[in-house]
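**Student:**
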Ligand code: PGA
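Structure, rendered in structure tokens:
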């Protein structure tokens with residue numbers, strides 16, 4: 000895995016395969032130290048996987064069983080057989096709209112790991128929790144599922160719920176604090192070395208704010224929603240990441 004990660008979460012977009020192939024093709028560039036992972040809806044995974052050469056394809060979710068009577072679900076084994084290497088799990092929209100609990104997410108993480116796929120665990124507090132100063136308490140609970148992961152690196156995306164699809168990202172100084180908290184917590188309770196965990200930031204990242212987020216937030220990459228659907232922006236994001244990587248931090 001390369002140094003920096005750029006995870007592009009397309010959510011339930013775009014509406015046709017033609018558009019999906021176009022967006023993916025625009026991001027399909029050779030990079031030295033940035034791992035670009037486009038995460039389209041399931042229905043486009045296979046075609047996109049076949050169409051690209053330089054970047055990776057990830058899924059936005061999956062179930063925790065490998066096969067069986069689970070109407071509408073997609074299994075980690077199916078993803079493995081498609082040679083998908085990454086799966087976003089615990090995204091706040093999954094928690095909010097589909098009732099995913101930490102328990103369900105924990106099962107999914109185990110199942111994904113067994114199938115040799117990297118889970119990207121999303122964690123983050125909502126607006127009310129932030130106002131009540133509960134961020135660390137929320138994170139402690141949400142981080143539990145990764146404490147026993149064997150396969151390194153472990154990938155965590157800090158995504159404050161209020162910043163996802165919003166108009167302002169979290170302050171870089173706060174992001175840095177959260178990163179240090181995740182380091183300390185996973186080291187203390189999971190004996191995970193800092194070098195074995197990649198911490199990303201997500202929530203209103205775009206080509207204008209990414210440089211500051213990366214440099215001042217000191218994170219290992221970003222999880223981008225909206226901006227990733229606009230090839231000009233996503234390409235710029237990749238290029239900026241490449242540049243940051245070239246400069247010693
Ligand atoms: P956003 O989404 O970049 O549109 O805020 C982030 C995400 O999906 O996690």
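In my numbering, the protein residues as written are 0 to 248. Even glycine gets a Cβ: it sits at the ideal position worked out from N, Cα and C. Since we're looking at a predicted model, the values are computed, not measured.
1) Whole angstroms are fine: how far does the CA of residue 180 sit from the CA of residue 133?
2) Run through the region 105 to 192 for me and flag every whole alpha helix (DSSP H) of 4 or more residues, listed as ranges in chain order.
3) Please report the distance separating the alpha-carbon of residue 19 from that of residue 128.
4) Tell me the residue span of the alpha helix (DSSP H) that contains residue 214.
5) Let me confirm a value: residue 153 is counted as buried when at least 16 other C-beta atoms fall within 10 Å, else exposed. Which label applies?
6) Determine contact between the region 227 to 242 and the region 190 to 201, defined as no fewer than three beta-carbon pairs at a distance below 8 Å.
7) For residue 112, I'd like the list of residues in its chain whose CB is within less than 8 Å of its CB, leaving aside the five on either flank, ordered along the chain.
8) By how many angstroms is the C-alpha of residue 213 removed from the C-alpha of residue 201?
9) Just checking my contact of residue 224 with residue 165 at CB under 8 Å: how many whole Å lie between their CB atoms?
10) Could you tell me how far apart the beta carbons of residue 59 and residue 101 are, in whole angstroms, since I believe they sit closer than 8 Å?
11) Checking the sheet assignment: what are the DSSP bridge partners for residue 197?
12) Is it buried or exposed for residue 185, if we count other Cβ within 10 angstroms and need 16 for buried?
13) Could you tell me which whole beta strand (DSSP E) segments of length 3 or greater appear in the region 44 to 89?
14) Please confirm whether any heavy atom of the ligand PGA lies closer than 7 Å to the CB of residue 57.
15) Who are the near neighbours of residue 234 in its chain, counting only those whose CB is closer than 8 Å to its CB and skipping five residues on each side?
16) In its own chain, which residues sit with a C-beta less than 6 Å from the C-beta of residue 160, not counting the 5 before and 5 after it?
17) Please classify residue 57 as buried or exposed, where buried requires at least 16 neighbouring CB atoms within 10 angstroms.
18) Within the continuous beta strand (DSSP E) that includes residue 5, where are the two ends?
19) Out of curiosity, what's the CA-to-CA distance linking residue 243 and residue 85?
**Tutor:** Result, derived from the coordinates:
1) Reading the chain shown from its first residue, position 134 is the one you call residue 133. Reading the chain shown from its first residue, position 181 is the one you call residue 180. A direct Cα-Cα distance of roughly 13 Å separates residue 133 from residue 180.
2) Taken in chain order, the complete alpha helix (DSSP H) segments of 4 or more residues contained in the region 105 to 192 are 126 to 130, 134 to 142 and 171 to 189.
3) Here residue 19 refers to the residue found at position 20 when the chain shown is read from its first residue. Here residue 128 refers to the residue found at position 129 when the chain shown is read from its first residue. Straight-line Cα distance between these residues: approximately 36 Å.
4) Against the chain shown, residue 214 aligns to sequence position 215. Looking at the DSSP string, the run of the alpha helix (DSSP H) that includes residue 214 is 209 to 216.
5) Counting from 1 along the chain shown, the entry for residue 153 is found at position 154. Burial of residue 153 is indicated by the presence of at least 16 other C-beta atoms within 10 angstroms of its C-beta.
6) Pairwise C-beta distances place the region 227 to 242 out of contact with the region 190 to 201, as fewer than three of them are shorter than 8 Å.
7) Here residue 112 refers to the residue found at position 113 of the chain shown. Closer than 8 Å at the Cβ level, and outside the excluded window around residue 112, lie 118, 148, 149 and 150.
8) Here residue 201 refers to the residue found at position 202 of the chain shown. Here residue 213 refers to the residue found at position 214 of the chain shown. The C-alpha of residue 201 lies about 11 Å from the C-alpha of residue 213.
9) Looking up residue 224 in the chain shown gives position 225. Looking up residue 165 in the chain shown gives position 166. Wrong, their Cβ atoms sit about 10 Å apart, outside the cutoff.
10) Working through the chain shown from its first residue, we reach residue 59 at position 60. Working through the chain shown from its first residue, we reach residue 101 at position 102. The beta-carbon distance between residue 59 and residue 101, rounded to whole angstroms, is 18 Å. This is too long to meet the 8 Å contact definition.
11) The residue labelled residue 197 in the question sits at position 198 within the chain shown. Note: residue 197 sits in a beta bridge opposite 154.
12) By 1-based counting over the chain shown, the position of residue 185 is 186. Counting the other Cβ atoms within 10 Å of the Cβ of residue 185 gives 16 or more, which makes it buried.
13) Listed in chain order, they are 55 to 58 and 85 to 88.
14) As a working mapping, residue 57 is identified with position 58 in the chain shown. Outside the cutoff, so no.
15) In the chain shown, the residue the question calls residue 234 occupies position 235. If we look at residue 234 and ignore the five residues flanking it on each side, its Cβ neighbours are 25, 26 and 28.
16) For the purposes of this step, residue 160 is identified with residue 161 of the chain shown, where counting begins at 1. Cβ within range, chain order: 91, 123 and 125.
17) The residue you call residue 57 lines up with position 58 of the chain shown. So residue 57 ends up on the buried side.
18) Your numbering for residue 5 matches position 6 in the chain shown. Segment 3 to 8, the beta strand (DSSP E) holding residue 5.
19) Counting from 1 along the chain shown, the entry for residue 243 is found at position 244. Counting from 1 along the chain shown, the entry for residue 85 is found at position 86. About 23 Å.
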